[in-house]
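**Q** The structure's right below; bear with me while I get my questions together.
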Amino acid sequence: MYNLSSEAKKILLFTARKTLENSFDKKESTQKILDDIKNKLDDRLYNEISIKCGCFVTLHKFGELRGCIGTFRNDKKLYEVVSNMAIQAAFHDPRFSPLEKDELKDIEIEISVLTPMERLENFEDIVIGRDGLYVRKGFYSGVLLPQVATEQGWDKNQFISYTCMKAGLPPDIWKKDEIELYRFSAIVFSERDF
1 MYNLSSEAKK
11 ILLFTARKTL
21 ENSFDKKEST
31 QKILDDIKNK
41 LDDRLYNEIS
51 IKCGCFVTLH
61 KFGELRGCIG
71 TFRNDKKLYE
81 VVSNMAIQAA
91 FHDPRFSPLE
101 KDELKDIEIE
111 ISVLTPMERL
121 ENFEDIVIGR
131 DGLYVRKGFY
141 SGVLLPQVAT
151 EQGWDKNQFI
161 SYTCMKAGLP
171 PDIWKKDEIE
181 LYRFSAIVFS
191 ERDF
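Spelled out as structure tokens, the structure:
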């Protein structure tokens with residue numbers, strides 16, 4: 001598991017917020033925002049937010065989900081991925097209309113920094129509250145972050161079933177058919193933490 005200091009978490013949240021604000025104002029390019037953030041940091045902090053890993057950015061409005069998009073790809077620096085996923089969550093989550101400028105003041109940003117995925121052979125190995133799930137069967141795939149099962153009060157069976165449904169599969173397919181199931185962990189933090 002990665003280790004992120006409180007300072008690094010604050011910088012990543014600032015990066016997401018600044019990117020969203022700029023998406024409406026268009027005062028500067030996203031690259032300039034990222035360069036400005038990078039140039040203000042000492043080497044230790046810059047290295048912390050530059051790890052190459054996937055992440056999800058979740059937007060909440062008055063405690064309700066308003067957008068959530070992420071990636072498991074780990075070929076870019078974390079702060080760059082956070083910036084990109086903030087834009088994706090705000091404007092490209094197909095479950096929601098694009099974020100409006102007047103909503104931004106009511107948005108709380110949450111970031112989930114992901115560990116690499118591990119294939120699960122035994123469903124009983126899932127740990128609620130620690131593990132997120134990724135399920136795949138053919139062209140279908142779906143993911144639920146570790147905090148979702150805890151927030152919803154699900155047990156292991158429900159967690160797998162809802163992840164299957166997120167993939168567009170029947171909820172009980174995992175009981176009678178072969179699926180690929182992976183787990184991962186996440187460092188989860190939000191603006192309400194600071």
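When the letters of the sequence shown are read in order and numbered with UniProt numbering, they come out as residues 1 to 194. Note that beta-carbon positions come from the ideal geometry of N, C-alpha and C, so glycine has one too. None of the values given here were measured: they were computed from a predicted structure.
1. Would you please verify whether the beta carbon of Asp172 is less than 9 Å from any beta carbon of chain D?
2. Note down the Cα distance separating Glu121 from Phe56, rounded to an integer number of angstroms.
3. Could you pull the start and end residues of the alpha helix (DSSP H) that Glu48 belongs to?
4. Taking Cβ positions, are Ile111 and Leu13 nearer each other than 9 Å?
5. So, at 7 Å on beta carbons, what are the nonlocal neighbours of Leu45 in its own chain, with the 5 sequence-adjacent residues on each side left out?
6. For the alpha helix (DSSP H) containing Tyr79, list its first residue and its last residue.
7. Could you tell me if Glu48 is buried or exposed, where buried requires 16 or more neighbouring beta carbons within 10 angstroms of its beta carbon?
8. Could you give the distance in angstroms between the alpha-carbon of Ile179 and the alpha-carbon of Arg136?
9. From the DSSP output, in three-state form, read off Ser185 for me.
10. How long is the line joining the alpha carbons of Ile37 and Thr15, rounded to whole angstroms?
11. Where Leu65 and Thr58 are concerned, what is the direct C-alpha to C-alpha distance, given to the nearest angstrom?
12. I'd like to check one pair, Gly142 with Lys176: are the Cβ atoms closer than 9 Å?
13. Indicate the three-state DSSP secondary structure (helix, strand or coil) for Val127 in the structure shown.
14. Using only CA atoms, which one of Met85, Asn22, Asn74, Glu118 lies nearest to Lys101?
15. Can you give the Cα-Cα distance for Asn74 and Met117, rounded to whole angstroms?
16. According to DSSP, Tyr162 sits in a beta bridge with which residue or residues?
17. Please report how far the alpha carbon of Ala149 lies from the alpha carbon of Gly129, in whole angstroms.
18. In terms of residue numbering, what span does the alpha helix (DSSP H) encompassing Ile173 cover?
**A** From the atom records:
1. No chain D is present in this structure, which holds just one protein chain.
2. Along the sequence shown, one-based indexing puts residue 121 at 121. Along the sequence shown, one-based indexing puts residue 56 at 56. Using only the alpha carbons, I get a separation of about 25 Å.
3. Counting from 1 along the sequence shown, the entry for residue 48 is found at position 48. It spans 43 to 49 - the alpha helix (DSSP H) in which Glu48 sits, taken as one unbroken run.
4. Taking the sequence shown and counting its residues from 1, the one referred to as residue 111 is at position 111. Taking the sequence shown and counting its residues from 1, the one referred to as residue 13 is at position 13. It is a contact, given that the beta carbons lie within the stated cut-off.
5. For the purposes of this step, residue 45 is taken as the residue at position 45 of the sequence shown. Contacts found: Glu7, Ala8, Ile11.
6. Position 79 of the sequence shown, counted from the start, is the residue given in the question as residue 79. Counting along the chain, the alpha helix (DSSP H) containing Tyr79 begins and ends at 78 to 91.
7. Start at 1 with the first residue of the sequence shown, and residue 48 comes out as number 48. Buried, by the Cβ-count rule.
8. As a working mapping, residue 179 is identified with position 179 in the sequence shown. As a working mapping, residue 136 is identified with position 136 in the sequence shown. Roughly 6 Å between the two C-alpha positions.
9. Position 185 of the sequence shown, counted from the start, is the residue given in the question as residue 185. Three-state result, Ser185: coil.
10. Position 37 of the sequence shown, counted from the first residue, corresponds to residue 37. Position 15 of the sequence shown, counted from the first residue, corresponds to residue 15. C-alpha separation (whole angstroms): 8 Å.
11. As a working note, residue 65 is residue 65 in the sequence shown. As a working note, residue 58 is residue 58 in the sequence shown. C-alpha separation (whole angstroms): 7 Å.
12. Taking the first residue of the sequence shown as position 1, residue 176 is located at position 176. Taking the first residue of the sequence shown as position 1, residue 142 is located at position 142. With a cutoff of 9 Å on beta-carbon distance, Lys176 and Gly142 are scored as not near each other.
13. Counting from 1 along the sequence shown, the entry for residue 127 is found at position 127. Coil at Val127, not helix or strand.
14. For the purposes of this step, residue 101 is taken as the residue at position 101 of the sequence shown. Ranking the options by Cα distance to Lys101, first place goes to Asn22.
15. Counting from 1 along the sequence shown, the entry for residue 74 is found at position 74. Counting from 1 along the sequence shown, the entry for residue 117 is found at position 117. In a straight line, the C-alpha of Asn74 is about 11 Å away from that of Met117.
16. Here residue 162 refers to the residue found at position 162 when the sequence shown is read from its first residue. For Tyr162, which the question treats as bridged, DSSP gives no partner whatsoever.
17. In the sequence shown, the residue the question calls residue 149 occupies position 149. In the sequence shown, the residue the question calls residue 129 occupies position 129. Approximately 7 Å between the Cα atoms of the pair.
18. The residue labelled residue 173 in the question sits at position 173 within the sequence shown. It spans 173 to 176 - the alpha helix (DSSP H) in which Ile173 sits, taken as one unbroken run.
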